[in-house]
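Report on one structure; see the data block that follows.
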Amino acid sequence: MKILIFIILTIFTITLENNLSNSFYIQNNYSNKKDYSNRIYVSRPAQKKSNQLKTKIIINKRKKEENEKNKSYKEDFKSSPKYKSIEELINEYPYKIPDYDIQKEPYIILKDKIKSEYLKGYELPFGLIDPVKYELLKLIGKICDPFKPLCCYSLTPRLLISKLFTNKYEISYDDFCYNLEYKMRFYMPSYTQIFMYEKELLWKEWMAIRNLKEVSPETPIDDHDRVTRILEDDEATLPNTILKVNREINNQGIHPSILRMFFDFLNIEKCDNKLKRDNAFLKLETIKSQIKNRDFMEGIRPDYLYIMFNKTAHDYYSNFNEKEYEKTYLESVNYNTMRQKIISENSLYKKQRKEFSEKTKNSLMKFYDIELPSFFKEYIEKKKENYKIIQSKIKTMIDNKYLKRKKKREDKLSGKITLDTKTEENTEEKKKKKKKKKKKKKKKKKVTMK
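Heads up: the sequence shown runs through residues -17 to -1, 1 to 433, numbered per mature numbering (1 follows the signal peptide of the UniProt record, and there is no 0).
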């Protein structure tokens, strides 16, 4: 019995394998023929995927080779004397961020007590923030990575240097200042402990000076028609105030002493009014790599930047001489003032010219109101008569031409004019033309001989 069961099982497995092989595999003998039973349909996207996989293997090999080359280049560069010289200059970093309490700040007392009566001045921060700290806030807000349109995050060196230098290897001090002031926009630093209260203070000052009330931007539950809330004249939302404050601080600009401080900070070689791309990038990159407890893909934090610049900024700000600064930039200031004067004078000249042209036009139009003399009217009538005579003569000439053509057509149709007569006439006309040409040539020769 056991032997019989074993034989039956083996036969069953063999039959199953044959059926499966027939169902899953194609016979290649019938592949080129039109009529065959087992045909597999492959969609276009699937075929594309299979083709892409072949290319992926080649591309991945190339990428691996390139990554290995880059790694070897970085290691070689770190062992080079240029990198070591930069590391020696940057021994002071990284700074340790101390514990910072906002409650120790003196103007924390002003929280929820800001009124327009106590604010004196015409722009933010109305003297309630330390000027050096405020200028550093402006600089950090422009340097850090923007999260448009509200705030900015940490500083990544590659993004900052691509904005500053664009495609250039070197930059002058004037270009550096221009790119910082005009090309980069200010956004309020987002996750900070040092500037945490200054943000709220600036927003509240902006609302208090305009006598506005803060309202939530969310619409009520009953209103299903609109996303944003319709505001009244004495209402403002926090997102709108953030945008307006960012714009106002951006228009204020940065103090020239702090711009100079940042330029000297990046300038390792200390060249006069020239900054190299490699030096600036390497300094920021080494500082970033030496920072501990840094999150993944995070740059240099705003608090760390403030602590790094604070001492040097105070020194530069206290040693700043306005008179010398005015002397150096007096030419550019004079140029701008002269340009504005020329534009204003040009606008006045245009107005005077318009008035003069209108007066001359009115005076010339008065001549048309004068009555013409009698002899002028007679002259115009005679001129019209002569014009009619000339026009009639031209008309008769044109009519005669058309009449001649009509006669020729009628003669051809009637048979009066044949081809032989036509050819004879043409030959005679040609001979006459040749004779005329010869006579003209002879006359010209005689004139030249004389």
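Just so it is clear, CB atoms sit at the ideal spot from N, CA and C, and this is done for glycine as well. Predicted, not measured: the structure shown is a model, and the values here were computed from it.
- Between the region 291 to 303 and the region 130 to 139 there are fewer than three C-beta pairs closer than 8 angstroms, too few to call the two in contact.
- Non-local C-beta neighbours of Ile377 in its own chain, meaning closer than 7 angstroms and more than five positions away in sequence, are absent.
- Phe148 and Arg141 have their C-alpha atoms roughly 11 angstroms apart.
- Assignment of alpha helix (DSSP H) within the region 265 to 335, counting only whole runs of 4 or more residues, yields 285 to 301, 305 to 311 in chain order.
- Beta-bridge partners of Met244 (DSSP): none assigned.
- Inclusion of Leu122 and Ile270 in the CB contact set at 7 angstroms is not warranted, their separation being larger than that value.
- DSSP places Leu258 in the uninterrupted beta strand (DSSP E) bounded by 257 to 259.
- Spanning the alpha carbons of Lys182 and Phe264 requires a straight line of approximately 30 angstroms.
- DSSP, reduced to helix, strand and coil, places Pro108 outside both helices and strands of the structure shown, so it counts as coil.
- The continuous alpha helix (DSSP H) containing Glu393 extends over residues 357 to 397.
- Contiguous beta strand (DSSP E) elements confined to the region 151 to 236 occur at 153 to 155, taking only those with 3 or more residues.
- Within its own chain, no residue has a Cβ closer than 7 angstroms to the Cβ of Leu347 once the five positions on either side in sequence are excluded.
- Annotation: Glu100 is outside any alpha helix (DSSP H) and is labelled neither H nor E by DSSP.
- Around the beta-carbon of Met190, 16 or more other beta-carbon atoms lie within 10 Å, marking it buried.
- The beta carbon of Lys187 lies closer than 7 angstroms to those of Ile97 in the same chain, with the five residues before and after it left out.
- C-alpha of Asn345 to C-alpha of Glu215: approximately 52 angstroms in a straight line.
- Taking C-beta separations shorter than 8 angstroms and ignoring five residues to either side along the sequence, the partners of Gly110 in its chain run Lys103, Gly104, following chain order.
- Here Cys134 is bridged, per DSSP, to Phe130, Met171.
- The region 240 to 260 and the region 152 to 164 touch, with no fewer than 3 CB-CB distances between them shorter than 8 angstroms.
- Distance from the CA of Ile126 to the CA of Leu288, rounded to the nearest whole angstrom, comes to 10 angstroms.
- One Cα belongs to Lys151, the other to Arg260, and the distance between them is close to 8 angstroms.
- In this chain, Lys253 is not harboured by any alpha helix (DSSP H), its DSSP state being neither H nor E.
- For the set Glu48, Lys196, Ile213, the Cα lying nearest the Cα of Pro203 is the one of Ile213.
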